[in-house]
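Since the structure comes first, as structure tokens, the remarks are kept for the end.
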Amino acid sequence: MNGKTPVDTAKPIAGLGPHGERAVPADQIQLTEGDAVEAKARRFAVAVVLHTTTSDWSKQELAGIAATLGLYSAAVVEVVDCNFDVELQIAALTRLAREPVDAVISIPIGNTRVAAAHRALAHSGRKLVLLDNAPTGMLPGADYASVVSTDNFGLGQSCAAMLSDHIPPNGAAGILGYGIDFFATHEREIAFRKWMGIHRPDVTLVRERFAELEDAGPAALAMVEKARGLSGIFAVWDVPAMKAVRALAQQGFDIPVTTVDLGNDVALDMVRRGMIKGVGAQMPYDQGSAAARVTVAALLGLSVPPWVALAGREVTPLDVVEAYQVIWHLPAPRAIIDAMRILVATQGHSK
Amino acid sequence: MAEKKTALRSVGRPRSVDTAQASLALLLNLVRTGTATTRQELERGSELGRAVVADRLATMIDLGLLKEGELGQATGGRAPRQMRFREDAGSLLVSAIDQSSIALGIADLNGQMLVEHHEAARLDAGPEAILERLATIFDWLLRETEKPAPWGMGLALAGPIEKPSAEFEAVHVLQSVQSWQGFPFLERLSMRIGVPIFARSGVQTMTMGEAKAGGGRGLSDIIYVKLGRSISAGLMSEGRLHRGAQGAAGMIGHSRVGDDLLGAIAGADALAREGTAAAEDGRSPYLAQALARQGEISVVDIGHAAQLGDLFCVELLGRCGRMVGEALAPLTNLVNPTLIIIGGIVAESGGDSLLAGIREAVYRQSHPMVSRDLQIMRSQMGASAGLVGAAQVVVEELFSPPILQGWIGHGSPLLHPDFQRVMERYTTTLAPKAATPSGRTAP
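From first to last, the protein sequence lines stand for chains A and B.
FYI, the UniProt record's numbering numbers position 198 of the first sequence as 198, with every residue one higher than the one before it.
FYI, the UniProt record's numbering numbers position 163 of the second sequence as 163, with every residue one higher than the one before it.
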């Protein structure tokens with residue numbers, strides 16, 4: 001567990017933490033054999049509160065948490081699916097503050113709206129480890145133990161760099177942004193814009209945003225309408241990216257797209273030479289595993305860094321299969337492998 | 001200013017616009033600070049008559065500054081309706097610019113942070129680049145988060161900040177950064193964003209932030225020490241920030257330790273240099289590996305090595321802590337604080353070895369009465385302390401009676417006649433050099 005993983009060697013962490021902290025890479029969170037013996041003897045109980053449990057990201061995150069906690073005989077005693085509902089999350093945290101759990105790993109859904117419930121849970125004596133971000137105003141040590149997050153800033157930069165290859169001089173690029181106050185997507189978009197501003201000041205950026213996933217396709221079409229000759233689009237995560245791809249394809253457009261996370265649809269589109277040209281992928285299993293190690297360390301009373309970060313992994317059409325295995329800890333589905341064979345064969349012919 | 005001559009009336013109706021503004025300002029601050037919220041409490045707290053209070057409250061409701069809230073506690077008759085300050089009538093922009101990072105945020109009018117963003121940046125990129133970056137991110141954040149229009153900006157800057165000659169006048173900033181001298185940074189930024197800017201040194205805003213929301217919450221006497229590339233301290237005494245005659249209080253990095261300045265031997269750069277030497281000559285196996293891997297050593301590596309038990313790094317941080325503690329001890333004896341908070345990148349990285357070194361020196365050299373209940377702790381707020389403190393600076397400035405009386409009749413500080421005059425002057429003197437609006441293309 002203490003050895004370097006591909007996620008940590010991939011790229012340096014570009015972003016700063018919720019309070020401007022420098023990141024401590026996830027692989028530097030280590031537990032000694034002595035720590036493990038003590039943790040096993042104390043048999044901790046941990047609850048996990050997620051925005052949803054149905055997405056691929058959540059399933060992998062949970063798998064990483066459960067597998068790693070299991071190594072230290074810590075039990076996942078409850079998994080709460082908040083179904084993106086702020087009130088549900090507040091109710092769950094309020095209830096858990098009275099229940100026999102030692103720690104809670106939670107991904108805050110809203111920003112300041114869920115701060116009080118998280119704070120109250122931490123003040124009830126449970127250790128609180130946050131995923132992705134800390135609500136504004138919450139402080140490490142007093143209100144939570146640590147935030148374990150992907151380097152969202154780095155993901156935005158990767159997507160900008162990969163898209164840049166497809167934008168001609170003085171061209172235009174679009175940003176398909178999320179119209180909800182959400183830290184991770186904000187960071188990705190700010191980083192994308194910053195990278196373009198520094199490395200491609202010739203590129204004009206246009207932007208549309210969507211609040212509901214169903215609006216992502218129409219938003220992409222509106223962007224194309226607004227900027228004729230649009231040469232590329234950055235979508236802040238994979239599901240809206242694919243909505244955009246389908247809407248554009250229906251209207252006969254073929255525009256390079258980069259996005260965040262290697263969902264099945266995105267992976268398949270890449271190897272079929274679709275519009276998706278590059279992905280900056282989170283590593284949810286590794287993030288879950290790191291969150292579990294941080295939780296055990298905090299429960300043992302060890303000093304834990306306030307911000308633990310994992311670099312993302314850049315994925316291009318030619319390494320989708322390997323990337324899939326690294327990211328999802330699973331072999332790639334048959335359809336992706338078959339499409340990859342065709343892609344490689346075609347590439348071979350074209351050479 | 002004419003308003004300064006205004007004396008509070010003890011009874012009766014106001015006789016002039018000035019007294020009306022004074023009573024409006026007085027009542028707004030009573031409600032805003034929660035000192036008095038019902039009409040009866042406001043009459044008692046302001047010593048104004050019932051009719052005047054009713055008239056002023058109606059005016060401020062019309063201006064969008066106050067609103068009626070829930071019912072208060074009944075004291076015999078009907079339960080009184082409480083007045084509430086509308087903290088969402090506007091917003092406050094805050095920013096902290098450091099040697100290697102910038103932080104930005106939006107706060108409500110009570111100084112409560114609503115959103116924050118931190119990113120790496122280099123001060124030596126020059127004032128033009130930093131200004132554009134700030135303006136662009138603020139444009140984006142305001143549009144994206146749909147917060148109310150800003151009323152003012154609090155800015156924390158590296159190095160000491162002089163006190164301004166008059167309200168809304170920009171001060172000469174960043175004397176400590178050679179390349180920024182002569183550049184009208186605050187004037188340009190103020191014109192670009194269209195709000196008044198109130199600047200303080202980074203360590204002063206961090207001190208205010210820690211006192212408002214960090215370890216110093218509820219305490220009136222604290223010292224904040226920033227251990228970064230440079231070393232400085234902020235002092236909160238009896239609930240007020242001590243700025244000094246020129247605004248340069250707290251530059252403890254200039255204290256002598258032997259033949260050297262403290263900042264030169266205990267700052268982040270000095271530690272990195274020592275760490276690099278130890279990596280090269282084999283005294284620290286961990287740092288040798290880090291140097292081979294990364295090509296350089298930072299204080300973050302030293303802190304991490306110390307946590308993993310690297311003896312050289314444990315000793316280096318302990319020595320750094322003792323040197324800082326020796327500089328802090330006389331200050332501690334002088335001001336008798338309840339709490340010393342240690343922040344900055346060295347403190348974030350330094351861990352227990354650093355803190356132990358500081359405690360050892362401070363407790364050894366302080367008078368027993370001074371050290372009896374003294375606590376020394378590491379900051380939990382990080383760079384957020386600077387943002388929270390910057391918001392406090394704007395709140396204190398905009399709602400200070402002399403400034404508040406100048407704008408309250410207009411409903412917004414942006415309509416303060418002095419600020420409008422300053423903006424007109426900037427437009428005349430700076431317009432040819434004005435930066436092109438950004439945010440349309442790329443931050």
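From the three backbone atoms N, C-alpha and C, an ideal C-beta is built for every residue, glycine too.
Contact residues within the segment 136-150 of chain A, judged by C-beta distance below 7 Å to chain D = You won't find chain D in this structure, because its protein chains are A and B.
message = Using CA atoms only, rank isn't needed, just tell me which of B/Gln-405, B/Val-52, B/Ile-130 is closest to B/Ser-95.
response = The shortest CA-to-CA distance from B/Ser-95 to any of B/Gln-405, B/Val-52, B/Ile-130 is the one to B/Ile-130.
task = Alpha carbon to alpha carbon, how far is B/Met-323 from B/Gln-375? Give it in angstroms, no decimals.
result = So the alpha carbons of these two residues sit roughly 18 Å apart.
message = I'd like to know whether the C-beta of A/Gln-28 is nearer than 8 Å to at least one C-beta of chain B.
response = Closer than 8 Å to some Cβ of chain B, the Cβ of A/Gln-28 qualifies, so yes.
ask   = Sorted by chain position, which residues of the same chain lie with C-beta nearer than 6 Å to A/Gly-3's C-beta, five sequence neighbours on each side aside?
value = A caution first: A/Gly-3 carries a pLDDT of 37, below 50, which makes its placement in the model unreliable, though a value can still be read off. Answer for A/Gly-3: no residue qualifies.
task = Report the rounded CA-to-CA distance for A/Asp-254 versus B/Leu-114, giving the unit in angstroms.
result = If I take the Cα positions, the gap works out to 40 Å.
task = For B/Val-115, return the contacting residues in chain A, with the cut-off set at a CB-CB distance below 9 Å.
result = Within 9 Å Cβ-Cβ: Asn-111, Thr-112, Thr-136, Asp-181, Phe-183, His-186.
message = Which residue marks the beginning of the alpha helix (DSSP H) containing A/Ser-164, and which one marks its end?
response = Segment 152-164, the alpha helix (DSSP H) holding A/Ser-164.
query = Sorted by chain position, which residues of the same chain lie with C-beta nearer than 7 Å to A/Asp-81's C-beta, five sequence neighbours on each side aside?
reply = These residues qualify, in order along the chain: Leu-50, Thr-52, Thr-53.
query = To the nearest angstrom, how far is it from the Cα of B/Glu-87 to the Cα of B/Lys-67?
reply = One C-alpha to the other measures close to 10 Å.
query = I think residue 375 of chain A touches A/Val-266, with their Cβ atoms under 8 Å apart; what is that distance to the nearest whole Å?
reply = Outside the displayed span of chain A (1 to 351) sits residue 375 of chain A, for which this structure offers no information.
message = Does any residue of chain A have a CB that is nearer than 8 Å to the CB of B/Leu-317?
response = No, its Cβ sits nowhere closer than 8 Å to a Cβ of chain A.
ask   = Got a sec: does the ligand HEM put a non-hydrogen atom nearer than 7 Å to the Cβ of A/Ala-103?
value = Absent from the structure shown: the ligand HEM. Ligands present: none.
task = Please list, in chain order, all residues of the same chain as B/Leu-261 whose beta carbon is under 8 Å from its beta carbon, the five residues on each side excluded.
result = Excluding sequence neighbours, B/Leu-261 sits near Gly-253, His-254, Ser-255.
ask   = Taking all protein chains shown into account, do 16 or more other C-beta atoms lie within 10 angstroms of the C-beta of A/Thr-9, making it buried, or fewer, making it exposed?
value = For A/Thr-9, the pLDDT reaches just 39, beneath the cut-off of 50, and the residue's location in the model is therefore unreliable, although a value from the coordinates is still provided. Exposed.
task = Would you mind reading off the limits of the alpha helix (DSSP H) that contains A/Tyr-285?
result = DSSP places A/Tyr-285 inside the alpha helix (DSSP H), whose first and last residues are 284-299.
query = Contact check, B/Ala-266 vs B/Cys-320 under 8 Å by CB: the rounded distance?
reply = The C-beta separation of B/Ala-266 from B/Cys-320 comes to about 5 Å, placing the pair in contact by the 8 Å criterion.
ask   = Can you name the residues that DSSP bridges to A/Pro-140?
value = Bridge partners of A/Pro-140: A/Tyr-144.
request  = Within its chain, find whatever has a CB closer than 8 Å to the CB of A/Ala-191; leave out the 5 residues flanking it on each side and keep chain order.
outcome  = Cβ neighbours of A/Ala-191 beyond the five flanking positions: Ala-14, Gly-15, Asn-152, Phe-153, Gly-154, Leu-155, Gly-156, Gln-157, Ala-160.
key: Other residues of its chain near B/Pro-417: CB distance less than 7 Å, five sequence neighbours each side excluded   = If you ignore the 5 residues before and after B/Pro-417, its C-beta comes within less than 7 Å of the C-beta of Gly-406, all in its own chain and listed in chain order.
request  = Count the other CB atoms, across all protein chains shown, that sit within 10 Å of the CB of A/Gly-17; report buried if there are 16 or more and exposed otherwise.
outcome  = Buried, since its Cβ has 16 or more Cβ neighbours within 10 Å.
query = Where do the N-terminal and C-terminal ends of the alpha helix (DSSP H) with A/Met-242 fall, by residue?
reply = Bounds of the alpha helix (DSSP H) holding A/Met-242 are 238-250.
query = Going along chain B, which residues have a C-beta under 8 Å from A/Ile-190?
reply = In chain order: His-117, Glu-119, Ile-137, Trp-140, Pro-443.
ask   = Which one of B/Met-208, B/Arg-217, B/Ala-149, B/Asp-259 has the shortest CA to CA distance from B/Arg-243?
value = Per the Cα distances, B/Met-208.
query = Touch check for the segment 44-56 of chain B and the segment 67-84 of chain B: three-plus C-beta pairs under 8 Å?
reply = With a cut-off of 8 Å, the segment 67-84 of chain B and the segment 44-56 of chain B do not count as touching, because too few Cβ pairs lie within range.
ask   = How would you label B/Thr-19, buried or exposed, when you count the other beta carbons within 10 angstroms and need 16 or more for buried?
value = Flag for B/Thr-19 reads buried.
Straight-line gap, B/Arg-188 to B/Leu-430 (C-alpha atoms, nearest Å) = Going by the C-alpha atoms only, they are around 7 Å apart.
ask   = With 16 as the cutoff for other CB atoms within 10 Å, does B/Glu-424 come out buried or exposed?
value = With fewer than 16 other Cβ atoms within 10 Å, it is exposed.
query = Under a three-way DSSP split, which group does A/Asp-81 fall into?
reply = Three-state result, A/Asp-81: strand.
key: Residues from the segment 339-352 of chain B in contact with chain A, defined by Cβ distance under 9 Å   = Within the segment 339-352 of chain B, the qualifying residues are Ile-345, Glu-348, Ser-349, Gly-351, Asp-352.
Segment limits, beta strand (DSSP E) that includes A/Val-203 = First-last for A/Val-203: undefined, no H or E at that position.
request  = Going by DSSP, name the residue or residues bridged to B/His-118.
outcome  = According to DSSP, B/His-118 bridges with B/Ala-103.
ask   = With 16 as the cutoff for other CB atoms within 10 Å, does B/Gly-318 come out buried or exposed?
value = The residue in question, B/Gly-318, is buried, as its Cβ has 16 or more Cβ neighbours within 10 Å.
key: Any chain B beta carbon closer than 8 Å to A/Glu-208   = Output row for A/Glu-208: interface = no.
query = Do the segment 170-183 of chain A and the segment 194-214 of chain A touch if we need at least three Cβ pairs shorter than 8 Å?
reply = Touching, per the Cβ criterion.
query = How is A/Phe-192 classed by DSSP in three states: helix, strand or coil?
reply = Three-state result, A/Phe-192: helix.
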